[in-house]
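Q:
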Amino acid sequence: MTRPVSLFRSIVFAAGLLAGSSLAMAQQQQQQQQQITAEQLADIQKALTTPMVPTHLAVAADVLKASGMSTMFDNAMPNVVGSLRVNVTRQRPELAKDIEEALKVVEADVKKATEDGLQGAARLMAIRMSETELKEVLVFMTSPVGKKYVEVLPQFMEMAVPYLEVWSQQVGGRLTSVFQNEMAKRGHKL
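Numbering (our numbering), first residue to last: 59 to 248.
1. Kindly confirm or deny that the segment 167 to 184 and the segment 126 to 135 touch, where touching means at least three C-beta pairs closer than 8 Å.
2. From leucine 222 to phenylalanine 214, what distance separates their C-alpha atoms?
3. Assuming valine 111 and glutamate 189 make a contact with CB atoms under 8 Å, what is their CB distance in whole Å?
4. Contact check, methionine 183 vs valine 121 under 8 Å by CB: the rounded distance?
5. Would you mind stating whether alanine 124 and valine 208 have Cβ atoms separated by less than 9 Å?
6. Exposed or buried, which one is valine 117 when buried takes at least 16 other CB atoms within 10 Å?
7. Can we count lysine 104 as close to the ligand COA, meaning its CB is less than 8 Å from some heavy atom?
8. Measuring only the C-alpha atoms, how far is glutamate 152 from valine 168?
9. Taking Cβ positions, are histidine 114 and leucine 196 nearer each other than 9 Å?
10. May I have the straight-line CA-CA distance separating lysine 94 from lysine 104, to the nearest angstrom?
11. Where does glycine 245 sit, in a helix, a strand or coil, going by DSSP?
12. In chain order, what residues of the same chain have a beta carbon less than 8 Å from the beta carbon of arginine 181, not counting five sequence neighbours either side?
13. Could you tell me the distance, in whole angstroms, from the CA atom of phenylalanine 131 to the CA atom of arginine 148?
14. Nearest-angstrom Cα distance between arginine 143 and glycine 178?
15. Take valine 164 and list the residues in its own chain whose beta-carbon comes closer than 8 Å to its own, dropping the five residues that flank it on each side.
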């Protein structure tokens, strides 16, 4: 798993912490988010076809770049090309030379595919935030403190995820004890 994808998943995971969710609940939400439903697909398609003001989309893309989220697209492409290389060469090793030539054509399209992914994500952001709001976010993200935030977030998340596990176990044990004591007061031994 690449660091930006891990970062994205970690951010989603941390959102559960901020909402006061337990580890199990956050993991369940993460698993549910990984499975695209028909409704989600319809929402995505609607967002991708909603007319947008070009400046609004440009600011949304700039926010994604400044926040480091655009690196998800940059890092996904080598994985796609690498997977093609490994899987097809493994199945048809005699075609290795032709496979490499074909992959050069594929690699030439990587930049366009990456930009398309970023523009799609910018649309998803732009339908949720106004251009004015996105401009404010961009000011923060490009400020020294915003850049510092983006810089330290991956290291923070590397520590926060294990911390969440430890915290969840401790809190779970404490709350279970409180619950058992309350039930005992009501005459129920659990």
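Just so you know, even glycine gets a beta-carbon here, dropped at the ideal spot from N, CA and C. Remember, predicted model here, so these are calculated numbers, not experimental data.
A: So, from the data block:
1. The segment 167 to 184, when compared against the segment 126 to 135, does touch it at the 8 Å Cβ threshold.
2. 12 Å
3. 7 Å
4. Contact holds; Cβ gap of about 7 Å.
5. yes
6. buried
7. This structure does not include the ligand COA; it has no bound ligands of any sort.
8. 25 Å
9. No, Cβ-Cβ distance for histidine 114 and leucine 196 is not below 9 Å.
10. Note that residue 94 is isoleucine in the sequence shown here, rather than lysine. About 15 Å.
11. coil
12. Ala105, Leu106, Thr108, Met110, Leu115, Ala118
13. 26 Å
14. Distance from the CA atom of arginine 143 to the CA atom of glycine 178, rounded to whole angstroms, is 26 Å.
15. Apart from sequence neighbours up to five positions away, the residues of its chain that approach valine 164 with a beta-carbon distance below 8 Å are Val139, Leu142, ordered along the chain.
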